DNA sequence: CTGCAAGTTCGAACTTCGTCGAACCACGGA
DNA sequence: TCCGTGGTTCGACGAAGTTCGAACTTGCAG
């Protein structure tokens, strides 16, 4: 059973978070988590990209402190670190939530 | 006298803005403009980078719709597109303002 | 045990980014 | 008219990021 590393929120910097959210796919992932407000398995987020790329994007978000991942059997359940994010970067998630945008595949 | 192109705010996307703010130097520039609340010439922002790189960063911020630049004699005065940004991405500038961070040169 | 489904890891190809020096341009002052 | 200052542009470079297929791992169902 795989374990994941999640950085403590105080180590997360603004540029790092911005970097993570600078990709439309990753914004789409965060939005999905925001609007459905539950844990999701990676493959449940609708994206037209390969498994490998998908895994990579979740990696980036995790290292940026934005999501939390946990193995459950053969799946890996992902949730937003919502409370912590709201405390450290107030308003950030709201930006992602309300912004009208499009999800392309790159 | 050089003129600059400034994208209309409705064309600015969240990933693009995030991308622009994903660099510590550029965050530092925006912060400087925020806290001093005036137009500044490029060279007045304290950064340990070359002229060329500085020009590049201002370019990126301008294309991302974050700053406005105007020639004045031999200088170019730069200001934040504060009102527009606050309307399109409420809370964004506040994030930049309040986040404790460090400006390294890369 | 076998097979499948969900994810991860690896390596490769490719693109984009950050940085700089050098050359250049344009304005203003002496 | 010549010079200095403030910025831009160009070309180059290495570092970093994106994407994929293929091979691998792990747990579950039958």
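Chains as they are written, first to last, in this note's numbering: chain E, 203 to 308; chain A, 203 to 308. Idealized CB from N, CA, C, for every residue including glycine. Because the structure is a prediction, the values reported are computed rather than measured.
N- and C-terminal bounds of the alpha helix (DSSP H) containing residue i
{"i": "residue 268(E)", "result": "Taken as a continuous stretch (DSSP letters only), residue 268(E) belongs to no alpha helix (DSSP H), as it is neither H nor E."}
{"i": "residue 300(A)", "result": "294-300"}
Closer than 8 Å at the beta carbon, the chain E residues around residue i
{"i": "residue 294(A)", "result": "293 and 297"}
Interface residues of chain A facing residue i [CB-CB closer than 7 Å]
{"i": "residue 239(E)", "result": "The contacting residues do not exist; residue 239(E) stays about 20 Å from chain A at best."}
Neighbouring residues, chain E, relative to residue i (Cβ below 7 Å)
{"i": "residue 221(A)", "result": "224"}
Other residues of its chain near residue i: CB distance less than 8 Å, five sequence neighbours each side excluded
{"i": "residue 203(E)", "result": "273"}
{"i": "residue 289(E)", "result": "211"}
{"i": "residue 216(A)", "result": "291"}
Cutoff 6 Å; reference residue i; Cβ partners in own chain excluding five residues on either side
{"i": "residue 234(A)", "result": "247"}
{"i": "residue 218(E)", "result": "266"}
{"i": "residue 303(A)", "result": "Caution is warranted here: a pLDDT of 46 is assigned to residue 303(A), below 50, making its placement in the model unreliable, and no coordinate value can be reported."}
{"i": "residue 308(E)", "result": "In this predicted model, residue 308(E) has a pLDDT of only 32, less than 50, meaning its place in the structure is not dependable; the value taken from the coordinates is given anyway. Closer than 6 Å at Cβ, skipping near neighbours: no residue."}
{"i": "residue 260(A)", "result": "244"}
Cβ shell of residue i (< 7 Å), same chain only, five flanking positions each side left out
{"i": "residue 295(A)", "result": "236, 284, 287 and 288"}
{"i": "residue 243(E)", "result": "277, 278 and 279"}
{"i": "residue 256(A)", "result": "244 and 249"}
{"i": "residue 222(A)", "result": "228, 262, 263, 266 and 268"}
Item to complete: Give, in chain order, every unbroken run of the alpha helix (DSSP H) that is at least 4 residues long and sits entirely within the segment 208-292 of chain A.
Response: 216-222, 226-238, 253-265 and 284-290
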